[in-house]
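With positions in the sequence shown counted from 1, the corresponding number in this note's numbering is that position plus 18.
We put the CB at the ideal spot given by N, CA and C, even for glycine.
All figures in this text were calculated on a predicted structure; none of them were measured in a lab.
Following: one structure in structure tokens, then a few remarks.
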Amino acid sequence: MTIFHFGKHSVPFSDVHDINVEYKYHDNEIFVDLELNGGAQLSLNLPDSLTFMEQFLKKIREEKDIQVPAQVLSAR
Numbered sequence: 019m020t021i022f023h024f025g026k027h028s029v030p031f032s033d034v035h036d037i038n039v040e041y042k043y044h045d046n047e048i049f050v051d052l053e054l055n056g057g058a059q060l061s062l063n064l065p066d067s068l069t070f071m072e073q074f075l076k077k078i079r080e081e082k083d084i085q086v087p088a089q090v091l092s093a094r
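Pasting the structure below:
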């Protein structure tokens, strides 16, 4: 089970029912709202939204067996 960690909280990805992403391209901002099983909702701040998206994309790559090109890894 993959668990998303942010701040003092941990949320299993299996508990995430829906994800709403709001981005402001010109302001370099991204905000994530999570709806969890049972109806709880979380609105993440910018640092936590980035952490969530990084972990979520990693989860997708692993589950779909998608390799990250070497040039992308070296740019980090």
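Given a threshold of 16 other Cβ atoms within 10 Å of its Cβ, counted over all protein chains shown, does Val86 qualify as buried or as exposed? exposed
Could you tell me the boundaries of the beta strand (DSSP E) in which Gln59 lies? Gln59 to Ser61
Leaving out five residues before and five after Glu53 in sequence, what residues of the same chain have Cβ atoms less than 7 Å from its Cβ? His35, Asp36 and Gln59
Tell me which residues share the same chain as Glu40 and place their Cβ nearer than 6 Å to its Cβ, disregarding the 5 neighbours each side in the sequence. Exclusion of the five residues before and after Glu40 leaves Phe49 as the residues of its chain whose Cβ lies within less than 6 Å of its Cβ.
According to DSSP, residues forming a beta bridge with Tyr43: Answer by DSSP bridge pairing: none, since Tyr43 is not bridged.
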